[in-house]
Each structure stands twice: as structure tokens, then as C-alpha cells.
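Residue numbers (the numbering used here): 1145 to 1223. This report concerns only the one structure given below.
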């Protein structure tokens, strides 16, 4: 898995489905605004984009869960 910033400043977690294939999105902070107190002042904290047709092994699922739990606690994906 690879973690980087998009050109709009949101964090994205990418995954290579097969060797030598293009990286595809697993998780990405969304710019959509939810009904939370800090939604307007903390962009990317209301919603996550999840997936783009993946098969993940157990180790990758464990890593993905850790990333999502971190987002729940902090409202941001960890870089």
C-alpha cells in the first residue's frame, strides 16, 4: 500500500492489484461535508471513499483496518 496526498490536499491510500499494474484507490478522504460539528473546519473528516474493486489478503486487511481506525479517532488518514 502507498499513502500520499491528492492535488486537492486530501490523503489517499493506494493499492497495486497485481505486479506492474497501475495503483488504484483503497481509501481517500472525501471533500463531502457531513452534519458533524467540525465538518466545515476539518475537510476530509466526514466521509471516506472506500475501494475500487480489490482482493485483499489478511495482512492488507489488517493494515486497512488500522488506517480506518486511525481516521475514526483523528478525523484524518495517517500519512
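Glycine is no exception: its CB is placed at the ideal position from the N, C-alpha and C atoms. For clarity, every value in this text was computed on a predicted model and none was experimentally measured.
Rounded to whole angstroms, what's the CA-CA distance from residue i to residue j? Just pull it up for me.
i            : j            : result
residue 1150 : residue 1170 : 13 Å
residue 1193 : residue 1168 : 12 Å
residue 1212 : residue 1221 : 7 Å
residue 1206 : residue 1187 : 26 Å
If you run the structure through DSSP and keep just helix, strand and coil, what is residue i?
i            : result
residue 1155 : strand
residue 1222 : coil
Contact between the stretch 1146-1166 and the stretch 1177-1184 (3+ Cβ pairs under 8 Å): Short answer: they don't touch.
Counting only runs that start and end within the stretch 1158-1200, where is the beta strand (DSSP E) found for 3 or more residues in a row? Segments of the beta strand (DSSP E) lying fully in the stretch 1158-1200: 1167-1173 and 1192-1194.
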